[in-house]
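Protein sequences appear in the order of chains R and C. Quick note: to get my numbering, add 929 to the position in the first sequence (first position is 1). Quick note: to get my numbering, add 929 to the position in the second sequence (first position is 1). C-beta atoms are modelled at their ideal positions from N, C-alpha and C, and glycine is treated no differently.
Protein chains: 2
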Amino acid sequence: MPIDPNAPLVLTAYRWVPSFVHGLVRDVRVRWACEEAGLAYAEDLIDVRHKPDGYEAVQPWKQVPALRDGDVRYFESGAILLHIAEKDARLLPPAGQARADTMSWFIAALNSVDPGAIELNNVNFFSRGQDWAEQRMPSLIEGLAKKLEPVAHRLAQRDWLAGEFSIADVLMIHVLMAIDSASDLISSQPTLAAYVERGKARPAWQQALADQLAAFERNTPKEN
Amino acid sequence: MPIDPNAPLVLTAYRWVPSFVHGLVRDVRVRWACEEAGLAYAEDLIDVRHKPDGYEAVQPWKQVPALRDGDVRYFESGAILLHIAEKDARLLPPAGQARADTMSWFIAALNSVDPGAIELNNVNFFSRGQDWAEQRMPSLIEGLAKKLEPVAHRLAQRDWLAGEFSIADVLMIHVLMAIDSASDLISSQPTLAAYVERGKARPAWQQALADQLAAFERNTPKEN
């Protein structure tokens, strides 16, 4: 149970968000990594519609997550995961090909797969019904399917991207969950679907998700 | 002059590409970081249209760059830059807020700015003339302009994103160059335009670019 109000790690997350993004807001990645590493963290919950004054000095785009570790502040879930992982070799091997594989697949999730996932979520949720969005969908799905092929190929022979479970899996599985929320690209691909299920079966993921949802539950606005 | 055929670092890049992507192919980021750190590297040049057999085991999407460091192989320019930077504190401070700022802005370039740049380049170069691409352009430019605001704000008071020049700047400046190749978002923003110019003025960038272009020049197909 790593949530501890006195922990030196302080995670900034939202108090509440609408249900269609439950489990998708990116602080859950950090919660997951902390649970895997057994690292306690405190929560700093902020309002999604009314950000604290000066919050742009903490997170330039006024998004979450952000992390404070003692006096040091990080933003971007990818940077925070790397910082957490440097504390625990289980999440990022210290050297050799195991580290190289973890880092390469970790960055691949951020920069080769997530850009298509971001566009898909924009087309599907935020631009839905617009002419261009409807026209774009087929080629976007086709391009994303091609991006996912090497990921499935990699996972055909192994449970996790880089040998043992690592931050590469935290990130890739969470990106695949975002794709799954807006398409059937994951459910139609048995290797990828099974990989996401393996992630969801981990007690650390279940605790991380429960803790994100618990905050939303506690702080549901009265009008909703 | 870090190119050395006997160096333990071996960078995979293309022998030749068409001129509209000169300077944009991502091996130039690695060349730039190596030049900044004074690290020698050898070139392993491959054909963009006919990849070597089995190349998908080196780079899952059969793209460049890839890096071999002795026996260890990396792919994804972001992962390679982190590996290079771990060898030289000038590119990535070892601890404290300076490291946190560098890592946060480094990942921001990859995951907050580059996804929009990737979509822009797709719309502008690879999907040009398609109905949806024409319709998408205004909202895409508007969204990207908003993403760039905090970057310009950060750079209004400083030359580089995280104090001294770092891998965050290598990545962010190269992403901005890609945006500049497809829009006037950079040239219309004096702070960002000046930042890119500061990057281009660095001898390490000039050498990196010259070395990428020299390979293309040497290997221009006869029919072109």
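Collapsed DSSP secondary structure at residue i in the structure displayed
i          : result
Glu1013(C) : For the sequence presented, residue 1013(C) should be read as Ile rather than Glu. Here Ile1013(C) sits in helix by DSSP.
Phe1004(C) : strand
Ile1115(R) : coil
Ala1130(C) : coil
Asp976(R)  : coil
Leu938(C)  : strand
Ala1123(R) : helix
Ala1027(C) : helix
Ala969(C)  : coil
Cutoff 8 Å: residue i Cβ touching any chain C Cβ
i          : result
Glu1048(R) : yes
Tyr1003(R) : yes
Ile1070(R) : no
Asn1040(R) : yes
Gln1064(R) : yes
Trp1089(R) : no
Gly983(R)  : no
Met1106(R) : no
Asp1043(R) : yes
Leu1011(R) : yes
Ser1117(R) : no
Gly1007(R) : yes
Ser948(R)  : no
Pro989(R)  : yes
Host alpha helix (DSSP H) of residue i (start-end)
i          : result
Glu1152(C) : First-last for Glu1152(C): undefined, no H or E at that position.
Asn1050(C) : Asp1043 to Asn1050
Leu1084(R) : Asp1060 to Leu1084
Ala1107(C) : Ile1096 to Asp1109
Whole-Å CB distance - residue i paired with residue j, under 8 Å assumed
i          : j          : result
Tyr1124(R) : Leu1073(R) : Not a contact, Cβ separation roughly 16 Å.
Ala1062(R) : Ser1056(R) : 4 Å
Asp1140(C) : Arg960(C)  : 6 Å
Glu972(R)  : Ala1137(R) : Their Cβ separation, rounded to whole angstroms, is 12 Å, which puts Glu972(R) and Ala1137(R) out of contact at 8 Å.
Glu1093(R) : Asn1040(C) : That belief does not hold up - the Cβ atoms of Glu1093(R) and Asn1040(C) are roughly 24 Å apart, past 8 Å.
Asn1050(R) : Ala1111(R) : 5 Å
Asp1060(R) : Gln1064(C) : 6 Å
Gly1157(C) : Leu1100(C) : Missing from the structure shown is residue 1157(C); chain C here goes from 930 to 1153 and no further.
Endpoints, the beta strand (DSSP E) within which residue i is located
i         : result
Leu996(C) : Ala995 to Asp998
Beta carbon of residue i nearer than 8 Å to that of residue j
i          : j          : result
Pro994(R)  : Ile975(R)  : no
Ala1014(C) : Val1104(C) : no
Leu996(C)  : Val939(C)  : yes
Pro1186(R) : Pro1079(C) : No information on residue 1186(R) is available, as it lies outside the stretch 930 to 1153 that chain R covers here.
Met1032(R) : His1012(C) : yes
Ala962(R)  : Leu1020(R) : yes
Leu1114(R) : Leu1077(R) : yes
Ala956(C)  : Ala942(C)  : The sequence shown places Asp at residue 956(C), rather than the Ala named in the question. Yes, the pair counts as a contact, with Cβ atoms nearer than the cut-off.
Ala1081(R) : Glu964(R)  : no
Arg958(R)  : Ala1029(C) : no
Leu1142(C) : His951(C)  : yes
Ile1108(R) : Gly1128(R) : no
Asp1043(C) : Pro1044(R) : yes
Val977(R)  : Trp945(R)  : yes
CB contact below 8 Å: residue i versus chain R
i          : result
Glu1126(C) : no
Pro1079(C) : yes
Trp1061(C) : yes
Ile932(C)  : no
Arg1083(C) : yes
Glu1093(C) : no
Gln1135(C) : no
Ala1029(C) : yes
Ile1036(C) : yes
Pro994(C)  : no
Ala969(C)  : no
Trp945(C)  : no
Gly1025(C) : yes
Ser1112(C) : no
Met1032(C) : yes
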